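Undergrad: Numbering (our numbering), first residue to last: 487 to 910. Here it is, the structure in full.
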């Protein structure tokens, strides 16, 4: 049998990573068309990504000079714009995103094959093929699809680094490259460098001194890879910045006004912020309103927004902390507004149960650490910024699935041992 294919026991089907990719992509593409998503106009961030890609295609790097978006996803849009006109560009980007996410289960299946049929990788193939949250986000022209892809690649690389001291190329090229790519697709992705760096430091192969040296070199290489973007922004703005969205999103997270959501009782702002503030949203001064409404440069608006957010936090710390804890709870489904929240909360409980069992059995302790480190980063994002479902899916779902995949592999191994003991 071909080493790059696998005969599914009892079904007589021979699968390969390419076959997994094509199958998953075809199913979700058909669903994309069946739901009529290809008829939906661009909305929200989609508009900005598409416009920036078109502007780069027409005007070059000036399209990115405000630092509002990292360059890689608009560059992908610009590349696709070479093949289609503006009217077809939106759907081509969406279909490309479906393809990017469909690569993920194929990668896990490849790892399953080359690892000697490791069951946890096979479970990850199934989970990442079927989890709707990944693909529903891929139905949009957002940068999440590419982020999911590189996050999964990073997890695979990290597992390999942990298993052997021989993967120097993965340590000093693959690991930093994935982190750099993640940052250059979405600036907030850089936060995952903390849990992954700690994972390599505490669970990597070799002595602690060797691991510390390795992670230091990896951090330096990652910084070198993203430095051209930082230097570009420095040349455009006159000071060092990584993104101009951080301050603005921090202000959004404080509940600045109601964001036009006064009539929607189901929104996070209405449900938590309005209640927390006793029927009023945080006020900002008329001078601050005038400055923000004057449409200043993205850089200036980011600085002003950050100053306003810090003022709101300092003047009303208690209510801000109360509201922010509510946002964290909301991000894990504890609003219980409907079926979606119940699914999210059940997923959280399942990951807790899986962690407890694995810790009790002293199996995959490193994966338990990685998952909850990632979840903590997601909590920080929800606490200070927004409990956006896109953030929750990125920071929580993939490592939660791998946690459960490890648990299932342990349970299958235990069941086989039990059956063999009965036979003996």
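Note that beta-carbon positions come from the ideal geometry of N, C-alpha and C, so glycine has one too. Because the structure is a prediction, the values reported are computed rather than measured.
Pick helix, strand or coil for residue 834, following the three-state DSSP scheme.
TA: Looking up residue 834 in the chain shown gives position 348. If DSSP states are grouped into helix, strand and coil, residue 834 belongs with the helices.
Undergrad: State the DSSP-derived secondary structure class of residue 561, mapped to helix, strand or coil.
TA: The sequence position of residue 561 within the chain shown is 75, counting from 1. Note: residue 561 maps to helix in three-state DSSP.
Undergrad: The alpha helix (DSSP H) with residue 808 in it runs from where to where?
TA: As a position in the chain shown, residue 808 is number 322, starting the count at 1. Where residue 808 is concerned, the enclosing alpha helix (DSSP H) stretches over 803-817.
Undergrad: In this structure, does DSSP put residue 500 in helix, strand or coil?
TA: For the purposes of this step, residue 500 is taken as the residue at position 14 of the chain shown. Assignment of residue 500 by DSSP, reduced to helix, strand and coil, places it in the strand class.
Undergrad: Quick check on DSSP: helix, strand or coil for residue 635?
TA: Taking the chain shown and counting its residues from 1, the one referred to as residue 635 is at position 149. DSSP places residue 635 in helix when its eight states are reduced to three.
Undergrad: Please classify residue 569 as buried or exposed, where buried requires at least 16 other C-beta atoms within 10 Å of its C-beta.
TA: Numbered from 1 along the chain shown, position 83 holds the residue referred to as residue 569. With fewer than 16 Cβ atoms within 10 Å of its Cβ, residue 569 is classed as exposed.
Undergrad: CB-CB under 8 Å to residue 642, same chain, minus the five flanking residues each way: which ones, in chain order?
TA: Translated into positions along the chain shown, residue 642 becomes position 156. Correct list, in chain order: 593, 594 and 597.
Undergrad: Return the first residue and the last residue of the alpha helix (DSSP H) that residue 539 is part of.
TA: Residue 539 sits at position 53 when you count from the first residue of the chain shown. First-last of the alpha helix (DSSP H) with residue 539: 531-545.
Undergrad: Would the stretch 574-587 and the stretch 624-640 be scored as touching if the rule is three or more Cβ pairs under 8 Å?
TA: yes
Undergrad: Residue 566 and residue 578 look like a contact to me (Cβ under 8 Å); what is the Cβ gap, rounded to whole Å?
TA: Sequence index remark: in the chain shown, residue 566 carries index 80 (1-based). Sequence index remark: in the chain shown, residue 578 carries index 92 (1-based). Going by Cβ atoms, the distance from residue 566 to residue 578 rounds to 5 Å, so yes, they are a contact pair.
Undergrad: Output the distance between the C-alpha atoms of residue 512 and residue 850, rounded to the nearest integer angstrom.
TA: The residue labelled residue 512 in the question sits at position 26 within the chain shown. The residue labelled residue 850 in the question sits at position 364 within the chain shown. Looking at the two C-alpha atoms, the distance is approximately 34 Å.
Undergrad: Considering only residues of the same chain and omitting the five flanking positions on each side of residue 677, which have a CB-CB separation below 6 Å?
TA: The count along the chain shown starts at 1 and reaches residue 677 at position 191. Excluding sequence neighbours, residue 677 sits near 863.
Undergrad: Could you spell out where the alpha helix (DSSP H) holding residue 852 opens and where it closes?
TA: The residue given as residue 852 occupies position 366 in the chain shown. Start and end: 851-870.
Undergrad: Check this for me: beta carbons of residue 701 and residue 719, under 8 Å apart or not?
TA: Position 215 of the chain shown, counting from 1, holds the residue named residue 701. Position 233 of the chain shown, counting from 1, holds the residue named residue 719. No. Outside cutoff.
Undergrad: I need the boundaries of the alpha helix (DSSP H) containing residue 725, first residue and last residue.
TA: For the purposes of this step, residue 725 is taken as residue 239 along the chain shown, with counting starting at 1. Neither: residue 725 is in no alpha helix (DSSP H) and is coded neither H nor E.
Undergrad: Please report how far the alpha carbon of residue 859 lies from the alpha carbon of residue 798, in whole angstroms.
TA: Indexing the chain shown from 1 puts residue 859 at position 373. Indexing the chain shown from 1 puts residue 798 at position 312. Looking at the two C-alpha atoms, the distance is approximately 29 Å.
Undergrad: Taking the C-alpha atoms as reference points, what is the distance between residue 519 and residue 576?
TA: For the purposes of this step, residue 519 is identified with residue 33 of the chain shown, where counting begins at 1. For the purposes of this step, residue 576 is identified with residue 90 of the chain shown, where counting begins at 1. Looking at the two C-alpha atoms, the distance is approximately 14 Å.
Undergrad: Do you know offhand how far residue 661's Cα is from residue 699's?
TA: By one-based count along the chain shown, residue 661 stands at place 175. By one-based count along the chain shown, residue 699 stands at place 213. Cα to Cα, residue 661 sits roughly 15 Å from residue 699.
Undergrad: Does the beta-carbon distance from residue 899 to residue 729 come in below 8 Å?
TA: In the chain shown, the residue the question calls residue 899 occupies position 413. In the chain shown, the residue the question calls residue 729 occupies position 243. Not closer than 8 Å, so no.
Undergrad: With C-beta atoms as the reference, is residue 723 less than 8 Å away from residue 816?
TA: Sequence index remark: in the chain shown, residue 723 carries index 237 (1-based). Sequence index remark: in the chain shown, residue 816 carries index 330 (1-based). No, Cβ-Cβ distance for residue 723 and residue 816 is not below 8 Å.
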